[in-house]
Amino acid sequence: MATYKDLLAQKNKLEEQLEAARQKELAEITAQVRQVVQEYGLTAADIGLAPKRGKRGPKSAVAPKYQDPKTGATWSGRGRAPAWIGKNRDKFLIA
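Position 21, counted from 1, in the sequence shown is what full-length UniProt numbering calls 21; the numbers after and before it change by one each time, with no gaps.
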C-alpha cells in the first residue's frame, strides 16, 4: 500500500500534467478561434461578447422646492414629506 507522501507526490505530478495539458489545449483552441474570427470578420457583438453596460452614474441633486422659514430646512418635493411641511405646502414654496 502506498504511503501518504507517495500519494501526495502522485497527486502533485498529476496536477502538473493536468495544467500542462490544459495550457496546450487552450493554445490550440485560441488559435482556431482567432482564425475563424479573422476568416469571417466577426466582432465581439456577433458572438455575444459585447461589452456589458456600465452602471448608471450618480443621480444629480434636485433643487429644493420648499423651505421651512423657521429652521431653513429644505425639501425637494420628492420622497416622504417632512413633518414641518404640514398640509398647506404653498406657504413653504421657494420663490
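Even for Gly, the Cβ is constructed at its ideal location relative to N, Cα and C.
Predicted model, so just to flag it, every value in this text is computed and none were measured.
Local Cβ density within 10 Å of Y4, reported as buried at 16 or more and exposed below that: For this step, residue 4 is matched to residue 4 along the sequence shown. In summary, Y4 is exposed, with fewer than 16 beta-carbon neighbours lying within 10 Å of its beta-carbon over all protein chains present.
Do P58 and I94 have their C-beta atoms within less than 8 Å of each other? Against the sequence shown, residue 58 aligns to sequence position 58. Against the sequence shown, residue 94 aligns to sequence position 94. In this structure, P58 lies away from I94, with their beta-carbon atoms at least 8 Å apart.
Segments assigned alpha helix (DSSP H), at least 4 residues, entirely inside the stretch 3–74: 4–40
Can the beta-carbon of R75 be found closer than 8 Å to that of A83? Position 75 of the sequence shown holds residue 75. Position 83 of the sequence shown holds residue 83. Position check: residue 75 holds Trp in this sequence, whereas Arg was assumed. No, Cβ-Cβ distance for W75 and A83 is not below 8 Å.
Roughly how many whole angstroms lie between the Cα atoms of Q67 and G54? As a first step, residue 67 is located in the sequence shown; it is residue number 67 there, counting from the start. As a first step, residue 54 is located in the sequence shown; it is residue number 54 there, counting from the start. Q67 and G54: Cα-Cα distance of roughly 36 Å.
Measuring CA to CA, which of K24, A44 and V62 is closest to G79? Working through the sequence shown from its first residue, we reach residue 79 at position 79. Out of K24, A44 and V62, V62 has the C-alpha closest to the C-alpha of G79.
CA-to-CA distance, P51 to Q32, given in whole angstroms: Residue numbering aside, residue 32 sits at position 32 when the sequence shown is read from its first letter. Residue numbering aside, residue 51 sits at position 51 when the sequence shown is read from its first letter. Going by the C-alpha atoms only, they are around 22 Å apart.
CB-CB under 6 Å to G86, same chain, minus the five flanking residues each way: which ones, in chain order? By one-based count along the sequence shown, residue 86 stands at place 86. Within the same chain, G86 has no close Cβ partners at all.
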